[in-house]
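To start, the structure under review is shown below, and the notes come after it.
Residue numbers (our numbering): 15 to 217.
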């Protein structure tokens, strides 16, 4: 019986040590990457495991921790061509609650197809793309919420591939990731587009 008690004490001791000194591994995840910044050991950017709701380890999430950017927790999309992140709503909600800012880039590559403006001197077209946020709000030209347009070369229709690059940065962390894009024109011969979905990074 003493052996069992010793085993239990050893287990509890390890458990407390792991809570105080999380490693960011699958077996010993952190809530968010910023928790690792607070540890004495200096960490390098890379892949780590998080568990924002500190529940059972079966729903831990593989992320990129960006310590050079202050401890960002970055979720990569399942594939860069789709707005899917493979993270459950509960874990995403906890990650949003634990963060104060979130940022995401989305690039639309286009061939003879306008996405935002039809000419450099004009306002965004009435057919400009619109983006649905995680919380259902809409980012759109002239709306309450607007994306930053860093590059808009899709107005050039010269038979070459171009791109329009959108930046979403908000302190309303419930808004990201973007979940849908509206008004994307249908592809047809000689007029094509493809999506490049960037990671969504929480801080």
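Beta carbons: idealized from backbone N, C-alpha and C, even for Gly.
Test item: CB-CB of residue i and residue j under 9 Å
i, j, result
"residue 146", "residue 92", "no"
"residue 78", "residue 59", "yes"
"residue 179", "residue 166", "yes"
"residue 43", "residue 72", "no"
"residue 168", "residue 129", "yes"
Outcome for residue i when other beta-carbon atoms lying within 10 angstroms are tallied against a minimum of 16
i, result
"residue 140", "exposed"
"residue 14", "Any answer about residue 14 is impossible in this case: the structure gives the chain only from 15 up to 217."
"residue 218", "Since the first residue of the chain shown is 15 and the last is 217, residue 218 is not available in this structure."
"residue 116", "buried"
"residue 20", "exposed"
"residue 142", "buried"
"residue 172", "exposed"
"residue 191", "buried"
According to DSSP, residues forming a beta bridge with residue i
i, result
"residue 146", "152, 194"
"residue 119", "181"
"residue 208", "123"
Close Cβ partners of residue i (< 8 Å) along its chain, the five nearest in sequence each way excluded
i, result
"residue 137", "131, 155, 156"
For residue i, the three-state DSSP class (helix, strand or coil)
i, result
"residue 125", "strand"
Same chain only: Cβ atoms within 7 Å of residue i, ignoring 5 sequence neighbours per side
i, result
"residue 170", "176"
Close-in-space but distant-in-sequence residues of the same chain around residue i (CB under 6 Å, 5 per side omitted)
i, result
"residue 65", "43, 74"
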